Structure formats: C-alpha cells, structure tokens
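As structure tokens, the structure follows; a few thoughts come after it.
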Amino acid sequence: MLQTVAADLVPAVEGIGLSRSYGGVRALNNATFSALPGEVHALVGENGAGKSTLIKVLGGRVRPESGTVRVMGENMSFAGPHDAHRAGAWTVFQELTLLPAMTVAENLLFGRPVRNRFKLIDRAGTERAADALLNGLGITYIDPRALVEDISLAERQVVEIARAITQDAKILFLDEPTSSLVEREVEWLFRQIRRLRAAGTSIVFTSHRWHEIRNIADRITVFRAGREVGTYTELDEDHAVTLMTDRRVDALYPARSLLLAPTPTLEVKGLAGTGISGVSLTLHKGEILGVGGLAGHGHRELFFMLFGAARAAGGTVTLNGRPVRLRRPRAAIRAGIALVPEDRKSEGLLLSIGIRENLTLSVLRRVSRFGVIGRRREQALCRQMVDRLRIRSGGLGAPVGTLSGGNQQKVLLGRWLLTDCQILLLYDVTRGVDVATKHEIYDLMMRLAGQGKAILFYSSEAEELAHLAHRVLVLREGRVAAELSGAALTAERIVAASVRDHHAV
Amino acid sequence: MPSEALADRPAIAKPRRRALTHGLTQNAPVLLALTMLIVSLVLYVAIFLLTQHHLPGGFEITTTVNDTMPLAAAAAGQTLVVLTRGIDLSVGGIIDMSNAIAAVTLRDTPASMSLVTVMVLLIGAAAGLVNGLLVAVGRLQPILVTLATLSIFQGIAIRILPQPGGSVPQIYTNILANPNAPWSLVYIALLGALWWAFRRSSLGVAILAIGNDPMAASSNGINVVRARVMAYVLAGMLAAAGGLFLAASATGGDATTGDSFTLRSIVAIVLGGVSLFGGRGSAVGGIIGAFITIMIANLLFFAHVNQLYESFFEGVFLLIAVVAASGIGYLARRRA
Numbered sequence: 046m047l048q049t050v051a052a053d054l055v056p057a058v059e060g061i062g063l064s065r066s067y068g069g070v071r072a073l074n075n076a077t078f079s080a081l082p083g084e085v086h087a088l089v090g091e092n093g094a095g096k097s098t099l100i101k102v103l104g105g106r107v108r109p110e111s112g113t114v115r116v117m118g119e120n121m122s123f124a125g126p127h128d129a130h131r132a133g134a135w136t137v138f139q140e141l142t143l144l145p146a147m148t149v150a151e152n153l154l155f156g157r158p159v160r161n162r163f164k165l166i167d168r169a170g171t172e173r174a175a176d177a178l179l180n181g182l183g184i185t186y187i188d189p190r191a192l193v194e195d196i197s198l199a200e201r202q203v204v205e206i207a208r209a210i211t212q213d214a215k216i217l218f219l220d221e222p223t224s225s226l227v228e229r230e231v232e233w234l235f236r237q238i239r240r241l242r243a244a245g246t247s248i249v250f251t252s253h254r255w256h257e258i259r260n261i262a263d264r265i266t267v268f269r270a271g272r273e274v275g276t277y278t279e280l281d282e283d284h285a286v287t288l289m290t291d292r293r294v295d296a297l298y299p300a301r302s303l304l305l306a307p308t309p310t311l312e313v314k315g316l317a318g319t320g321i322s323g324v325s326l327t328l329h330k331g332e333i334l335g336v337g338g339l340a341g342h343g344h345r346e347l348f349f350m351l352f353g354a355a356r357a358a359g360g361t362v363t364l365n366g367r368p369v370r371l372r373r374p375r376a377a378i379r380a381g382i383a384l385v386p387e388d389r390k391s392e393g394l395l396l397s398i399g400i401r402e403n404l405t406l407s408v409l410r411r412v413s414r415f416g417v418i419g420r421r422r423e424q425a426l427c428r429q430m431v432d433r434l435r436i437r438s439g440g441l442g443a444p445v446g447t448l449s450g451g452n453q454q455k456v457l458l459g460r461w462l463l464t465d466c467q468i469l470l471l472y473d474v475t476r477g478v479d480v481a482t483k484h485e486i487y488d489l490m491m492r493l494a495g496q497g498k499a500i501l502f503y504s505s506e507a508e509e510l511a512h513l514a515h516r517v518l519v520l521r522e523g524r525v526a527a528e529l530s531g532a533a534l535t536a537e538r539i540v541a542a543s544v545r546d547h548h549a550v
Numbered sequence: 187m188p189s190e191a192l193a194d195r196p197a198i199a200k201p202r203r204r205a206l207t208h209g210l211t212q213n214a215p216v217l218l219a220l221t222m223l224i225v226s227l228v229l230y231v232a233i234f235l236l237t238q239h240h241l242p243g244g245f246e247i248t249t250t251v252n253d254t255m256p257l258a259a260a261a262a263g264q265t266l267v268v269l270t271r272g273i274d275l276s277v278g279g280i281i282d283m284s285n286a287i288a289a290v291t292l293r294d295t296p297a298s299m300s301l302v303t304v305m306v307l308l309i310g311a312a313a314g315l316v317n318g319l320l321v322a323v324g325r326l327q328p329i330l331v332t333l334a335t336l337s338i339f340q341g342i343a344i345r346i347l348p349q350p351g352g353s354v355p356q357i358y359t360n361i362l363a364n365p366n367a368p369w370s371l372v373y374i375a376l377l378g379a380l381w382w383a384f385r386r387s388s389l390g391v392a393i394l395a396i397g398n399d400p401m402a403a404s405s406n407g408i409n410v411v412r413a414r415v416m417a418y419v420l421a422g423m424l425a426a427a428g429g430l431f432l433a434a435s436a437t438g439g440d441a442t443t444g445d446s447f448t449l450r451s452i453v454a455i456v457l458g459g460v461s462l463f464g465g466r467g468s469a470v471g472g473i474i475g476a477f478i479t480i481m482i483a484n485l486l487f488f489a490h491v492n493q494l495y496e497s498f499f500e501g502v503f504l505l506i507a508v509v510a511a512s513g514i515g516y517l518a519r520r521r522a
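Just so you know, the protein sequences line up as chains A and B, in that order. Our numbering puts the first residue of the first sequence at 46, with every later residue one more than the last. Our numbering puts the first residue of the second sequence at 187, with every later residue one more than the last.
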C-alpha cells in the first residue's frame, strides 16, 4: 500500500486544468488529476461528476477544450485513442467497444492479429493465439471463435478487460469495469489488477461499489461537479458520500415502508418459458418484492415475460383477480405494468431526443387534444416530474443521451410514473448509478410503495435487496430456490441461496 | 500469469463449438445465397429444357458468365461501401463513364489496351475518391452524395459518347469476355481470392469494424475517415472494371447501359446476404448474388415472359428471396 506520496515520483498520467462541455453542461471544469506508476487509483463521484469524461480525455477519446494531458511527464495531444495507445495508455470504456459481428479472437487481438508471411491475417492462428491469451488469464469459459454478439454482457466485459490488460500498458483506465461482472469475475479482475500494479502499471478505475474501492484502491480521488474535491489515502464511505454530494446523506437506505393489510395484485402461477420454469409469486399492493440470484438464472426472462416482451410457454398471470394475457408490451402497459430495464439505452430511451419527449412518449394521449400535443400541458407535466425525481440536466429539451446514467434512469422511471402504472418491474435499476442517485431512487421506491404501487425489484446487489424489499425470492436455474423474509432476509442468506440448494441454507 | 482459473463455473462454462458448426454459422448468409443460386440454376435448366427441348450448352454457360461479370464486379464494390454503413448509387454512372471512355479510346494495340485499362480503373478510383471524400470528410449522407454524383457521372458519359458506338478490339473482348468459352470464370475466382485476402488485411478489418460500430472502431485505433474513403475508392475502381467487362462483351460502348447496375448491384448484395445496416457480409456473397440476379433474368427470358413484365417478376423474386433469407435467419437464431 502506498501511504505517502513521494514528491520525486513522476506521475504516470496527469491532467491539469482540463475543461470540456457537452451541450451547455460542463462535464469537466478546470479539473486536475494525477496517478502514479504502480498504484491503483479510484475515481469516485456522483453520476455526471465528470469521472467518465476525465477518463475519455486522458484516454484520447475526447479532446479537452482547455488544459494539459501529460504522460510520464511529457505533454500529450491525443487525436484519438490510437495516440493514447501509442503513449501506453489503454482504456476500458464504460460503453463497451467490442465489434459485435466479429469473433472474440478478432476483437481480443484487434490491431495485433497473427499474420502470415504475406502480411495477411491468419484467422486460425489468431484464434489459437486468443485461446492461449485467454487461458493465460485463467478464462476458459469463453470461446474465442464465438461472435461477440452471441456472448453475454458479462463475458463481453471480461473480453474487453482482457484486451486492455494484455497490451503492456503503462496506464490502464477502467471505467466501471465491474458494472456487469459477477462476484467471481470481480475477484478475477482484482487479481489481474494486483499483478499489473506489482509490474508498475498505473491503474485508474471508477466504481460505485464501495467495498471494491476499499478492497483495491491505494488512493481515492473524489470528483464533484466537473472537478476534483481532493485525493485521499484513507476515506470512509460516509465521508466520501458527503464529499461527493456536498451534503450529508444520513443513511443510504431509507426505512422500509409499512405493509399493513396486504392485498394481492399480481399473481403468477407456474410461469414457464425460455430460461425459467414453474415460477410462482404473489405481489401485493404497496409491497416491494425483491428478486435475487446470480446473473443468468432467469431474472431477465421473468421480467421480460411479465412485461410481455418475451413469450411465456406456460403458466397463468392474474391481475387484481382477473387473468391477463401479456403477449406484448402494449398489453402490459395497458394493464398498468411498467418495466425499467438495466440497459436503459437499448431498452426504452430515445437518446437523441429531449427529456420532454422521452417523458411523455407513453402518455401522448393525455397531453394532446384532437391528436395535437398541448405544449404547455406537456411542459408543466414534465417540470413537475423533473422536480419530483430531481433530474439534473441542461433543460427539458436536452437530448437524453447527454445525461448521466443515473439521470437517464430517472427519466425512464418518470415516463412510467406518468402512465399511472400500478405495477413497477424494476430490473437492476441502480446498476452503474452513483450513491447519491441511488439514495434518491430508494427514497422514490419507498414513496411509491407507500402510495400503494406494487414493485417487483431485481438487483444484482444482495445488500440492496436485503435493505429495501419486504420479501425476497431467490431464483436459481430459472426456479424459485428460496423465499426470504423477516429475520431471514439478509444479504448473506440471499447470496447463499443463489448458489446452493434451498434446503441446505 | 496467475493460473487460478475461472473454469469452475458450471453455470457459465459452455462447450466449444465444433469446427463445422462454427463454419456453418459464421457463413450462413453466403451458404443461403449458394442455396438460392442452386435453386435458380435448377429452375433455369428445367425451363430451358421445357421450352428449348435440350439442355443448356456451352453457349448458354458462356453468355451467362459474361453477363454476370460486370454485375459481379459492381456488386463486390457495392459490398465494400455497404459494409461501412454507406451506399453507392453512383455505381451505374461510373460504369457508364468507363464504358464510354473504353469504347472511344481503345485501339487494337497491346499498349493502348493496357494503358486504357489502367486509365479507366484510375478514373473509376478518382470518381470513388470524390464520393468518399464527400461522405467521410464532408460528413454528408452517402445516399445524397452518390445520388448527385450518379447524375454527374451519367452526364459525363453522355458527353463522351452521345450515341451508342465506338468499338472494342476483338482481342480485348476475347481476353475479358471470351464469347466462345466461359474464360471469365477466372475473373470471378480472382475477385473471390481478392476478397479473401482483403478480409485478412488491415483495411478489410477496418471497413468491417466501421460497419459494426464506428465509435468502437475509432476507439480501437482505426482511422475511420481513411478506411471509409478507401471503401468508396475501391468501389469506384471495381465499378470501372465492370464497365470494361461490359464494353468487352458488347464489343462497343453505350453511355446508358450501366444505369441499371445501381439497383441491380444492391439487389445482388442483398441476395448475397450483405446487411444494408453494415458490418456483416462478404463480397463472395455479393458475387453469388450477382449470379442469382442474372439467372433470374435468364429464367424470365426463357419462360417467354414479356420483357415489359420483367421488372415485375424481378421484384417478386427479390421479395421472395429477401423474405426467405430473413425468415431462415430468424429460425436459425431461435434455434441457437
């Protein structure tokens, strides 16, 4: 561990006085940052604090409007990521940069394939080399010949990381490398990080999971509103949150709302289909029913079936006592069921258009008269929602794509709240969302439950489920492996039930 | 390197695909095109036998191959552009232009023939360069740029050769589009081999990568502008080659004969399984698609379909083919 910073050590990478704006929002505002060789440096801050932009600037993806980037004490002017690569700086960007219609091997060895004596790419040789590379990293479950579009999100992230860490980089930027990884892959990544640190690589990473930061970071730099607040070698979570938000958040998790006389609203019996079999559950009004378990065990399929976005092969769904057939999202929306997915980009939001249009997309009828949208009514409705959800943006017309992840999530949530839906399916909505925004989302969930809305809540973080849900169902291999409530509802129990048979718990 | 493996994960570990399955799934669109080609060939032979009372012979084969060559070249070029998420409507204009130039300038000497060939290919490349610069550097929509240059190139062609005419030396015809034997198959094989090598070159990978995701491609260190421009340059060159084949097989020039190639080259690559959304497909598919397109025209001819209705049936065939292709693709995905 690096406790003191030697003054004579030349930083591996430095950014001095960096500024960069996006459509009126100052993502970076005269920000300064430096990381030393052989250290793991965590960047923390709220969504929209400028961490990703800083990494993009230092990684050569984005040019700063002003300021200097130095690598090993030398001034740099990156025209693109390839310039940064040449200088020894590699980045795993938050939005993955793998090419979907190409194989894992082609992606992994992109720009450095095996070539034959005619300088042409030897595809079979490249596949073998990729296989060896992956095996060397201890990854044996990814087929180098599979197309990237055919492997899971977590596997893609592993490939993306594997590509960056095998470049002999002097500086490695990892922007939320763990956001789609499961525990064991995170451990794998941390072993790799420690190995690289020992070899003198400077590693800069962002994460919203505090235990990860505590686990691996030598130093922590806190960002707020586009610039650094300070760099620390010791920092506890409460203090960090205060620094990040500039206000005290008393407790991360709000008090659970009371569930007095539970009336069932959504009843699912024996739901089956691709990925799940025989799932039954009852969701009550005002209840937050958690769904836990390891990624890839049917959660996604369950949520999509309940939203009518995936076909169920068997089972019945009754809503307030009446059987419903959820054959497509339209039917689900009309029945009052709304889905907020994890991948807000590809599953709901229209990134290039404004917040206003995104908010009112599903309720155009409510704001229109004779088919013409009433601008004033729409505006008023949106203002109200933006205030209620504390969406931070450059205005109602700002394209949703310019918002930070947490704020995008809030826009999507806002859209469904406008539809007056009774049942909310929240699918890992806090993934990649900063602590302060998480807190706001938790608060909101409690308020909605308090108003009688029923919430089915999947989270990849057991901690979250244990603190927020009234009951938790653990799915394993597409079945309900355990139901936890009351005193049995702890994060440990959830994790245990995710991996073991329920009678062994 | 640490050896602690992540292998002990039964839920995630999956068996590696066998080489055969792997090859089949990776080349599914091309295989589908090949199947369509075989079906159209069988239909063609059947109809030929019914109406002509004998099997198609050497003459028919040679004519088909010579008819296909110009379209195959144009389709290979179109593939490159479409792979970058673009489209090149100016293909027809470039063919007109190169066809007219060849007919006007070719003389019966080896020097003239080789010089004109090189010159025409370079002019095609230059025409492609204009397209490429406007699209990649000027950041204009490919469909707009090439629609405009299509008209411009057509105008230049008409200016060079106002009436059909000119002449192509017999020996030039014999080399490029031999009327006696299907020698042109050599060029098809050559195009295929060029694609094979191109797919394994840095530029080839760059073009595919751009079509996959331009942002990701640039993050991977690809010079997106350069690769895009090169796709149009090569497409222009291949279209010019198509114009030369056309001039050779017609033994003369016509400044409007290339016009239909714009749409037909797009039809050919769609049949060949190249995605119009970019990033997926192969020029081999495009070449096979060119054969299918020509076979359909032959089919209609020997079925004695009125020439006026030809485009109607071509449209019907195209729709059937596209629906079949996407339907089979859908089923294959659901199975997987």
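Cβ atoms here follow ideal geometry from the backbone N, Cα and C, with glycine treated the same way. All figures in this text were calculated on a predicted structure; none of them were measured in a lab.
Item to check | Proximal residues to L424 (chain B) (C-beta, below 6 Å), its chain only, five neighbours per side dropped | outcome: Within the second sequence, numbered from 1, the residue matching residue 424 (chain B) stands at position 238. Within the same chain, L424 (chain B) has close Cβ partners A259, A262, G263.
Checklist entry - From the DSSP output, which residues share a beta bridge with Y277 (chain A)? => result Along the first sequence, read from residue 1 onward, the residue named residue 277 (chain A) stands at position 232. For Y277 (chain A), which the question treats as bridged, DSSP gives the partners A:I265.
Checklist entry - Counting contacts by CB-CB distance shorter than 8 Å, is I514 (chain B) in contact with chain A? => result By 1-based counting over the second sequence, the position of residue 514 (chain B) is 328. Not one chain A Cβ lies under 8 Å of I514 (chain B).
Next on the checklist: So, at 6 Å on beta carbons, what are the nonlocal neighbours of E59 (chain A) in its own chain, with the 5 sequence-adjacent residues on each side left out?
Outcome noted: Your numbering for residue 59 (chain A) matches position 14 in the first sequence. Cβ within range, chain order: S79, R115.
Checklist entry - Alpha carbon to alpha carbon, how far is G475 (chain B) from L220 (chain B)? => result As a first step, residue 475 (chain B) is located in the second sequence; it is residue number 289 there, counting from the start. As a first step, residue 220 (chain B) is located in the second sequence; it is residue number 34 there, counting from the start. Taking the straight line from one Cα to the other gives about 8 Å.
Checklist entry - Tell me the DSSP bridge mates of V480 (chain A)? => result Within the first sequence, residue 480 (chain A) is the residue found at index 435, counting from 1. According to DSSP, which records beta bridges pairwise, V480 (chain A) is partnered with nothing at all.
Checklist entry - Is DSSP giving T310 (chain A) helix, strand or coil here? => result Sequence index remark: in the first sequence, residue 310 (chain A) carries index 265 (1-based). Three-state result, T310 (chain A): strand.
Checklist entry - How would you call G271 (chain A), buried or exposed, if buried means at least 16 neighbouring beta carbons within 10 angstroms? => result As a first step, residue 271 (chain A) must be located in the first sequence, where it is residue number 226. So G271 (chain A) ends up on the buried side.
Checklist entry - Would you call the segment 364-372 of chain A and the segment 339-346 of chain A in contact, with 3 or more CB pairs under 8 Å? => result no
Next on the checklist: Against M350 (chain A), what residues of chain B qualify as contacts under a CB-to-CB distance less than 8 Å, listed in chain order?
Outcome noted: Along the first sequence, one-based indexing puts residue 350 (chain A) at 305. Simply none; closest approach about 16 Å.
Checklist entry - Thinking just about the alpha-carbon of each residue, which of A:G118, A:R71, A:H344 is nearest to the one in K99 (chain A)? => result Taking the first sequence and counting its residues from 1, the one referred to as residue 99 (chain A) is at position 54. Strictly speaking, residue 99 (chain A) in this sequence is Leu, with Lys absent from that position. Looking at the Cα atoms, A:R71 is the closest of the given residues.
Checklist entry - With burial defined as no fewer than 16 other Cβ atoms inside 10 Å of the residue's Cβ, what is the status of R242 (chain A): buried or exposed? => result Counting from one through the first sequence, the residue named residue 242 (chain A) turns up at place 197. Buried, because 16 or more other Cβ atoms sit within 10 Å of the Cβ of R242 (chain A).
Next on the checklist: Can you confirm whether V577 (chain B), when its beta carbon is compared against all beta carbons of chain A, has any partner nearer than 8 Å?
Outcome noted: This structure gives no information on residue 577 (chain B), because the portion of chain B shown stretches from 187 to 522.
Checklist entry - For T490 (chain B), does the three-state DSSP call read helix, strand or coil? => result Residue mapping note: residue 490 (chain B) aligns to position 304 of the second sequence, counting from 1. Checking the displayed sequence, the identity of residue 490 (chain B) turns out to be His instead of Thr. Looking at H490 (chain B) - three-state DSSP - the assignment turns out to be coil, as it is neither helix nor strand.
Checklist entry - In the structure shown, what three-state DSSP assignment does I382 (chain A) receive? => result On the first sequence, position 337 is the one that residue 382 (chain A) refers to. DSSP places I382 (chain A) in strand when its eight states are reduced to three.
Next on the checklist: Assuming D188 (chain A) and V231 (chain A) are in contact, meaning their beta carbons sit under 8 Å apart, how far apart are those beta carbons, in whole angstroms?
Outcome noted: Here residue 188 (chain A) refers to the residue found at position 143 of the first sequence. Here residue 231 (chain A) refers to the residue found at position 186 of the first sequence. Between V231 (chain A) and D188 (chain A) the Cβ distance is about 22 Å, and since that is not below 8 Å, they are no contact.
Item to check | Sequence-distant residues of the same chain with beta carbon closer than 7 Å to T303 (chain B), five excluded per side | outcome: As a first step, residue 303 (chain B) is located in the second sequence; it is residue number 117 there, counting from the start. Cβ neighbours of T303 (chain B) beyond the five flanking positions: L430.
Item to check | Per-residue burial, M187 (chain B) [other beta carbons within 10 Å of its own, 16 or more giving buried] | outcome: Taking the first residue of the second sequence as 1, we reach residue 187 (chain B) at position 1. The predicted position of M187 (chain B) is uncertain, since its pLDDT is 38 and thus under 50; a value taken from the coordinates is nonetheless stated next. It is exposed - the Cβ of M187 (chain B) has fewer than 16 other Cβ atoms within 10 Å.
Checklist entry - Under three-state DSSP, which class holds F250 (chain A)? => result Position 205 of the first sequence, counted from the start, is the residue given in the question as residue 250 (chain A). Correct three-state label for F250 (chain A): strand.
Checklist entry - When you compare only the Cα positions, how much space is there between A376 (chain A) and V228 (chain B)? => result Counting from 1 along the first sequence, the entry for residue 376 (chain A) is found at position 331. Counting from 1 along the second sequence, the entry for residue 228 (chain B) is found at position 42. Distance between the alpha carbons of A376 (chain A) and V228 (chain B): 47 Å.
Checklist entry - Closest Cβ-Cβ distance between A199 (chain B) and chain A: below 8 Å? => result Numbered from 1 along the second sequence, position 13 holds the residue referred to as residue 199 (chain B). Low per-residue confidence applies at A199 (chain B): pLDDT is 40, beneath 50, and the placement is therefore not dependable, though the value from the model is reported in the following sentence. For A199 (chain B), the answer is yes, since a Cβ of chain A falls inside 8 Å of its Cβ.
Item to check | Option nearest V267 (chain A) by Cα separation, candidates A:E257, A:T287, A:N260 | outcome: Taking the first residue of the first sequence as 1, we reach residue 267 (chain A) at position 222. Checked all of A:E257, A:T287, A:N260; the closest Cα to V267 (chain A) is A:T287.
Next on the checklist: To the nearest angstrom, how far is the alpha carbon of R131 (chain A) from that of Q139 (chain A)?
Outcome noted: On the first sequence, residue 131 (chain A) is found 86 positions in, with the first residue counted as 1. On the first sequence, residue 139 (chain A) is found 94 positions in, with the first residue counted as 1. Between R131 (chain A) and Q139 (chain A), the C-alpha separation is close to 21 Å.
Checklist entry - Which residues, taken in chain order from the segment 77-104 of chain A, show a beta carbon closer than 9 Å to some beta carbon of chain B? => result G104
Checklist entry - CB A427 (chain B) to CB L307 (chain B), shorter than 8 Å? => result As a first step, residue 427 (chain B) must be located in the second sequence, where it is residue number 241. As a first step, residue 307 (chain B) must be located in the second sequence, where it is residue number 121. For A427 (chain B) and L307 (chain B), yes; Cβs fall inside 8 Å.
Checklist entry - Who are the Cβ neighbours of S404 (chain B) in its own chain at under 6 Å, not counting the five residues just before and after it? => result Here the question's residue 404 (chain B) lines up with position 218 in the second sequence. The answer, listed in chain order, is V410.
Item to check | Interface residues of chain B facing T223 (chain A) [CB-CB closer than 8 Å] | outcome: Indexing the first sequence from 1 puts residue 223 (chain A) at position 178. Neighbours of T223 (chain A) on chain B: none; closest Cβ ~14 Å, over 8 Å.
Checklist entry - Quick one: is E194 (chain A) buried, meaning 16 or more other Cβ sit within 10 Å of its Cβ, or exposed? => result Residue mapping note: residue 194 (chain A) aligns to position 149 of the first sequence, counting from 1. Burial call: exposed.
Checklist entry - If you count every other CB in all the chains shown that lies within 10 Å of the CB of P296 (chain B), and 16 or more means buried, which is it? => result The residue given as residue 296 (chain B) occupies position 110 in the second sequence. With fewer than 16 other Cβ atoms within 10 Å, it is exposed.
Item to check | Range of the contiguous beta strand (DSSP E) that encloses S530 (chain A) | outcome: As a working mapping, residue 530 (chain A) is identified with position 485 in the first sequence. Note, S530 (chain A): beta strand (DSSP E), 524-530.
Checklist entry - When the distance is taken between beta carbons, is A417 (chain B) closer than 8 Å to V323 (chain B)? => result By one-based count along the second sequence, residue 323 (chain B) stands at place 137. By one-based count along the second sequence, residue 417 (chain B) stands at place 231. Contact: no.
Checklist entry - What residue does the alpha helix (DSSP H) around V193 (chain A) start on, and which one ends it? => result For the purposes of this step, residue 193 (chain A) is taken as the residue at position 148 of the first sequence. Where V193 (chain A) is concerned, there is no enclosing alpha helix (DSSP H), given that its DSSP letter is neither H nor E.
Next on the checklist: Cβ closer than 8 Å: which chain B residues qualify as neighbours of P145 (chain A)?
Outcome noted: For the purposes of this step, residue 145 (chain A) is taken as residue 100 along the first sequence, with counting starting at 1. Simply N398, D399, G465.
Next on the checklist: Does the structure place the segment 450-467 of chain B close enough to the segment 387-402 of chain B that three or more beta carbon pairs sit under 8 Å?
Outcome noted: yes
Item to check | Expected contact under 8 Å - CB spacing of G446 (chain A) and L396 (chain A) to nearest Å | outcome: Position 401 of the first sequence, counted from the first residue, corresponds to residue 446 (chain A). Position 351 of the first sequence, counted from the first residue, corresponds to residue 396 (chain A). Correct: roughly 3 Å between the Cβ atoms.
Item to check | L333 (chain B), DSSP secondary structure in three states | outcome: As a first step, residue 333 (chain B) must be located in the second sequence, where it is residue number 147. Note: L333 (chain B) maps to helix in three-state DSSP.
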